[in-house]
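Asker: In my numbering, the protein residues as written are 109 to 406. We put the CB at the ideal spot given by N, CA and C, even for glycine. These figures come from a predicted structure and were not determined experimentally. Before anything else, here's the structure in question.
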Ligand code: UTP
């Protein structure tokens, strides 16, 4: 295997999705349907797995709650019930076979306790082993503005720079208090950045003082897009936080470990040429249903 070849992707889907209660009392948000470009109604997780596989990823690890193992296996590992299969159109029968093939590339990993996004990533440590990996959020889907998909763009940058890459996007000041933000020094104006700081959910005052970037409008900052290419070193920092019980807002978070990873190994920020659609909030999900198909070039 080439040193910087990326074969694995991790998608944590073990959260509770409290912001989508009561729907998430019975349906995981990562299983909410969206209508994809091909006109199919797909669970969100499927669109994310397809994005990873089409970018050249060979194996996908999804991190689930123990109680949800069965439902994800039903989607990705088990064929439809015979009665259902018999009734499917020839096209859908074909899709079902494709789904089984896709499912054979997926490994279901467990997060026994819901201790946060960073903790869920840590649960993939033994499966990832000592390789760089693509990390994707379980409740975001992407459309690219160019031929290359968003995941392939991030993979391409990693091959170029050979250090961890964080996908970023320009964000208006009003929403940065809900996002992870980064700042740094442009390597390529408005595209590639040497990251000098990552900071979770900054206030506008903090951002104006510390996160502003040359060439960007006063009220615009760089926020995390939700696609990362990380070296396995990230697990050391996550392990350290878990061992020391270092929690932020009650949970083990990823961003503070990304900041440590950056300090140790350096990190590149890349403005992804595309759109990121959040499905984790009612209004965002509604908007995603409308926009995702229309925006979708690739
Ligand atoms: P979120 O930050 O959206 O948290 O997780 P959440 O619990 O799913 O949703 P809310 O905030 O209660 O509405 C980001 C991603 O990380 C996963 C989620 O499934 C989602 O894909 N996650 C989060 C885990 O896998 N485990 C956790 O303990 C927390």
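At a threshold of 7 Å, does residue 126 count as lining the ligand UTP (C-beta to nearest heavy atom)?
Answerer: In the chain shown, counting from the first residue as 1, residue 126 sits at position 18. Flag set: Cβ of residue 126 near the ligand UTP.
Asker: Is any heavy atom of the ligand UTP found at a distance shorter than 7 Å from the C-beta of residue 236?
Answerer: For the purposes of this step, residue 236 is taken as the residue at position 128 of the chain shown. Checking the Cβ of residue 236 against the ligand UTP gives no.
Asker: Taking 8 Å as the cut-off, does the stretch 354-362 touch the stretch 260-275 (at least 3 CB pairs, one atom from each stretch)?
Answerer: Counting Cβ pairs under 8 Å, fewer than three are found: no touch.
Asker: Does any heavy atom of the ligand UTP sit closer than 7 Å to the C-beta of residue 227?
Answerer: As a working note, residue 227 is residue 119 in the chain shown. Yes, the Cβ of residue 227 comes within 7 Å of a heavy atom of the ligand UTP.
Asker: How long is the line joining the alpha carbons of residue 314 and residue 257, rounded to whole angstroms?
Answerer: For this step, residue 314 is matched to residue 206 along the chain shown. For this step, residue 257 is matched to residue 149 along the chain shown. Near 33 Å, if we compare the C-alpha coordinates of residue 257 and residue 314.
Asker: Just to confirm, does residue 122 get its C-beta within under 7 Å of one of the non-hydrogen atoms of the ligand UTP?
Answerer: Taking the chain shown and counting its residues from 1, one reaches residue 122 at position 14. Flag set: Cβ of residue 122 near the ligand UTP.
Asker: Is residue 223 near the ligand UTP, in the sense that its beta carbon is under 7 Å from a heavy atom of that ligand?
Answerer: Taking the first residue of the chain shown as position 1, residue 223 is located at position 115. Within the cutoff, so yes.
Asker: Cutting at 6 Å between CB atoms, please list the residues of its own chain near residue 173, excluding the five before and the five after it.
Answerer: Taking the first residue of the chain shown as position 1, residue 173 is located at position 65. 122, listed in sequence order.
Asker: Using a Cβ-Cβ cut-off of 7 Å (strictly less than) and excluding sequence neighbours within five positions of residue 371, which residues of its own chain qualify?
Answerer: For this step, residue 371 is matched to residue 263 along the chain shown. Once the five neighbours on either side are set aside, residue 371 has no close Cβ partner at all.
Asker: Would residue 364 be called buried (16 or more neighbouring beta carbons within 10 Å of its own) or exposed?
Answerer: As a position in the chain shown, residue 364 is number 256, starting the count at 1. When all chains shown are included, residue 364 counts as buried.
Asker: Given 7 Å as the limit, tell me if residue 388 has its C-beta closer than that to any heavy atom belonging to the ligand COA.
Answerer: The model on display carries the ligand UTP but not the ligand COA.
Asker: Just to check, is the beta-carbon of residue 308 closer than 7 Å to a non-hydrogen atom of the ligand UTP?
Answerer: What you label residue 308 is simply residue 200 of the chain shown in a count that begins at 1. No - the ligand UTP has no heavy atom lying nearer than 7 Å to the Cβ of residue 308.
Asker: Which residue comes first and which comes last in the beta strand (DSSP E) that contains residue 241?
Answerer: To locate residue 241, count along the chain shown from 1; it is residue 133. Here the beta strand (DSSP E) through residue 241 covers 241-244.
Asker: Let me check understanding here. Comparing Cα to Cα, which of 143, 119, 380 lies closest to residue 168?
Answerer: Position 60 of the chain shown holds residue 168. Among 143, 119, 380, the Cα nearest to that of residue 168 is on 119.
Asker: Determine, using beta carbons only, whether residue 294 and residue 328 come nearer to each other than 8 Å.
Answerer: Taking the first residue of the chain shown as 1, we reach residue 294 at position 186. Taking the first residue of the chain shown as 1, we reach residue 328 at position 220. Going by C-beta atoms, residue 294 is not nearer than 8 Å to residue 328.
Asker: Taking C-alpha atoms, which residue in 179, 211, 369, 325 lies nearest to residue 166?
Answerer: Translated into positions along the chain shown, residue 166 becomes position 58. Of 179, 211, 369, 325, the residue nearest in Cα terms is 211.
Asker: Mapping the DSSP letters down to three states, classify residue 406 as helix, strand or coil.
Answerer: Walking along the chain shown from the start, residue 406 turns up at place 298. Interpretation of residue 406 is limited by its pLDDT of 48, a score under 50 that renders its predicted location unreliable; the figure taken from the coordinates is listed afterwards. Reduced to three states, the DSSP call for residue 406 is coil.
Asker: Quick one: is residue 317 buried, meaning 16 or more other Cβ sit within 10 Å of its Cβ, or exposed?
Answerer: On the chain shown, residue 317 is found 209 positions in, with the first residue counted as 1. The residue in question, residue 317, is exposed, as its Cβ has fewer than 16 Cβ neighbours within 10 Å.
Asker: Look at the alpha carbon of residue 406 and the alpha carbon of residue 320, and state the distance between them as a whole number of angstroms.
Answerer: Taking the first residue of the chain shown as 1, we reach residue 406 at position 298. Taking the first residue of the chain shown as 1, we reach residue 320 at position 212. Reliability of the predicted coordinates at residue 406 is poor, the pLDDT of 48 falling under 50, and the value obtained from them is presented with this limitation in mind. In a straight line, the C-alpha of residue 406 is about 32 Å away from that of residue 320.
Asker: With respect to the beta strand (DSSP E) encompassing residue 323, which residues constitute its N-terminal and C-terminal limits?
Answerer: Along the chain shown, one-based indexing puts residue 323 at 215. Here residue 323 belongs to no beta strand (DSSP E), and DSSP marks it neither H nor E.
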